[in-house]
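Trainee: As they're listed, the protein sequences go chains A and B.
Residue numbering for the first sequence follows numbering that gives the first Met the number 0, beginning at 0 and increasing consecutively.
Residue numbering for the second sequence follows numbering that gives the first Met the number 0, beginning at 0 and increasing consecutively.
Where is the CB? At the ideal position from N, CA and C, for every residue including glycine.
Right, I'll just put the structure down here and ask away after.
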Amino acid sequence: MNIMDTINSMLPGFLTADGLAGIADEAAGVVFLIMCAITLIGGVIACNSERLVRAVAGLAVCFVGVAALYYYLNSPFVAMMQILIYVGAVCITIAFAIMLAAPEENKKHGPAGPLSGPLGLIAAGLATIGMIGLALKTDFIAMPKVNMGSVKLIGVELLTTYSMVFELVSIVLLIAIIGSLVIARHGRSK
Amino acid sequence: MSMLNLHNSLTTYLVLAAILFGMGVYGLVTRRTLVGMLIASELILVASSINIMAFNRFTAPDPTIGQIFSLFIMAIAAAEAAIGLSITIAVYRNYKSVDTEDLVDLNG
Numbered sequence: 000m001n002i003m004d005t006i007n008s009m010l011p012g013f014l015t016a017d018g019l020a021g022i023a024d025e026a027a028g029v030v031f032l033i034m035c036a037i038t039l040i041g042g043v044i045a046c047n048s049e050r051l052v053r054a055v056a057g058l059a060v061c062f063v064g065v066a067a068l069y070y071y072l073n074s075p076f077v078a079m080m081q082i083l084i085y086v087g088a089v090c091i092t093i094a095f096a097i098m099l100a101a102p103e104e105n106k107k108h109g110p111a112g113p114l115s116g117p118l119g120l121i122a123a124g125l126a127t128i129g130m131i132g133l134a135l136k137t138d139f140i141a142m143p144k145v146n147m148g149s150v151k152l153i154g155v156e157l158l159t160t161y162s163m164v165f166e167l168v169s170i171v172l173l174i175a176i177i178g179s180l181v182i183a184r185h186g187r188s189k
Numbered sequence: 000m001s002m003l004n005l006h007n008s009l010t011t012y013l014v015l016a017a018i019l020f021g022m023g024v025y026g027l028v029t030r031r032t033l034v035g036m037l038i039a040s041e042l043i044l045v046a047s048s049i050n051i052m053a054f055n056r057f058t059a060p061d062p063t064i065g066q067i068f069s070l071f072i073m074a075i076a077a078a079e080a081a082i083g084l085s086i087t088i089a090v091y092r093n094y095k096s097v098d099t100e101d102l103v104d105l106n107g
């Protein structure tokens, strides 16, 4: 009997190596549930709050939760990019638009009258229930993995197989930035 | 399956993405300003991205491709947000409002 077995036999059950791994698994499950709750609460705030600044804050919270979901999906790189791009860039841009355009959500009813809220809820609920039903009913077939999808492989694929798409996305981003500057500058003297 | 093992099943992510999509559709229908509708459309985009990443993790043979695809979705979403917000600001400059009820003229 080596020294590790001796230590393991002296510790209470939940502190052995297997027990610790089990506790780590349970902690991962608990953190996952918390992150799901954060995502959903952020989404509710983003689509339902009266003030748009609060909606943007809820959107940022929702995006942080989604980044945690990506981490659970074995993609730490995409999780980091989610926080950088969505929380760091998109939410800040929307916050600037709110400051510049000062939109007000104070009037209760849209052009459709008082029915737009319940009708929107029914439409969104039907779409959600349909998709949840499909997800629960369908039996998805898993293919055998050919690799683990590490960050190194992402980089290699991005600069070899997908280098053309990479360059095209760069050009799209450049054109989008220049175009948004042109559109937002137009008529500034008024 | 226990509650604590939910993160290892594909269905959890699909259900979560469906709920986020529903929230986005609800916000898109009920919001009255352009910025609010843009926020709701971001929710829809992120729901589709979760779907792609979940299928990538659980069913696809090569998990790198889905991650690269998701990165491209993020880049396109950032471009979409920039363009949409500049249009919002241009509309505000012309109409002094971004309320969808006030935007009824088509002449430029």
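Is it true that the CB of residue 81/A sits closer than 7 Å to the CB of residue 69/A?
Mentor: Contact: yes.
Trainee: I'd like to know if residue 69/A contacts chain B, where contact means its C-beta is closer than 7 Å to some C-beta of that chain.
Mentor: Yes - at least one Cβ of chain B is within 7 Å of the one on residue 69/A.
Trainee: Might you give, ordered along the chain, the residues of its own chain that have their beta carbon closer than 7 Å to the beta carbon of residue 157/A, omitting 5 neighbours on each side?
Mentor: Counting only Cβ-Cβ distances below 7 Å, and skipping sequence neighbours, we find 165.
Trainee: From the beta carbon of residue 36/B, is the nearest beta carbon of chain A less than 7 Å away?
Mentor: For residue 36/B, the answer is no, since every Cβ of chain A falls outside 7 Å of its Cβ.
Trainee: What are the residues that DSSP puts in a beta bridge with residue 98/B?
Mentor: Answer is 32/B, bridged to residue 98/B.
Trainee: Considering only residues of the same chain and omitting the five flanking positions on each side of residue 50/B, which have a CB-CB separation below 7 Å?
Mentor: Once the five neighbours on either side are set aside, the close Cβ partners of residue 50/B are 13, 16.
Trainee: Give the single residue among 99/A, 53/A, 46/A whose Cα lies nearest to the Cα of residue 26/B.
Mentor: Nearest option by C-alpha distance: 46/A.
Trainee: With a threshold of 8 Å, are at least 3 pairs of Cβ atoms found where one atom belongs to the segment 61 to 78 of chain B and the other to the segment 168 to 176 of chain A?
Mentor: Result yes; three or more Cβ-Cβ pairs closer than 8 Å.
Trainee: Quick one: which residues of the segment 29 to 51 of chain A get their C-beta closer than 8 Å to a C-beta of chain B? List them in chain order.
Mentor: Listed in sequence order: 29, 31, 32, 35, 38, 39, 42, 43, 45, 46, 47, 51.
Trainee: Which word fits residue 163/A, buried or exposed, when buried means at least 16 other C-beta atoms lie within 10 angstroms of its C-beta?
Mentor: Result: exposed.
Trainee: Mapping the DSSP letters down to three states, classify residue 166/A as helix, strand or coil.
Mentor: It is helical.
Trainee: State buried or exposed for residue 93/B, treating a residue as buried only when at least 16 other CB atoms are found within 10 Å of its CB.
Mentor: Under this definition residue 93/B is an exposed residue.
Trainee: Is there a Cβ of chain A sitting closer than 7 Å to that of residue 103/B, yes or no?
Mentor: Not closer than 7 Å to any Cβ of chain A, the Cβ of residue 103/B fails to qualify, so no.
Trainee: Can the beta-carbon of residue 29/B be found less than 7 Å from the beta-carbon of residue 119/A?
Mentor: Yes, they are a contact pair.
Trainee: At 4 residues or longer, and completely inside the segment 11 to 79 of chain B: list those alpha helix (DSSP H) runs for me, N to C.
Mentor: Within the segment 11 to 79 of chain B, the complete alpha helix (DSSP H) runs of at least 4 residues are 33 to 57.
Trainee: Quick test of your reading: residue 130/A and residue 20/B, contact by CB under 8 Å. State the CB separation rounded to the nearest angstrom.
Mentor: Indeed they touch by this definition, with Cβ atoms about 7 Å apart.
Trainee: Is there a Cβ of chain D sitting closer than 7 Å to that of residue 172/A, yes or no?
Mentor: The chain inventory of the structure shown lacks chain D, comprising the protein chains A and B.
Trainee: Taking only three categories from DSSP, how would you classify residue 43/A?
Mentor: Helix at residue 43/A.
Trainee: Given residue 65/B, which residues of its chain have a CB within under 8 Å of its CB, disregarding the five upstream and five downstream residues?
Mentor: Only 51, 52, 54, 55, 56, 59 meet the Cβ criterion.
Trainee: With DSSP collapsed to three states, give me the class of residue 140/A.
Mentor: In the structure shown, residue 140/A sits in coil (DSSP, three-state: anything other than H, G, I, E or B).
Trainee: Where does the unbroken alpha helix (DSSP H) through residue 150/A begin, and where does it stop?
Mentor: Element bounds for residue 150/A: 150 to 158.
Trainee: Can the beta-carbon of residue 98/B be found closer than 7 Å to that of residue 32/B?
Mentor: In this structure, residue 32/B lies closer than 7 Å to residue 98/B by Cβ.
Trainee: Any C-beta of chain B sitting closer than 7 Å to the C-beta of residue 182/A?
Mentor: With 7 Å as the cut-off, residue 182/A counts as an interface residue toward chain B.
Trainee: Measure the beta-carbon distance from residue 64/A to residue 37/A and round it to whole angstroms, keeping in mind my assumption that it falls under 8 Å.
Mentor: Contact flag correct, Cβ pair sits at about 4 Å.
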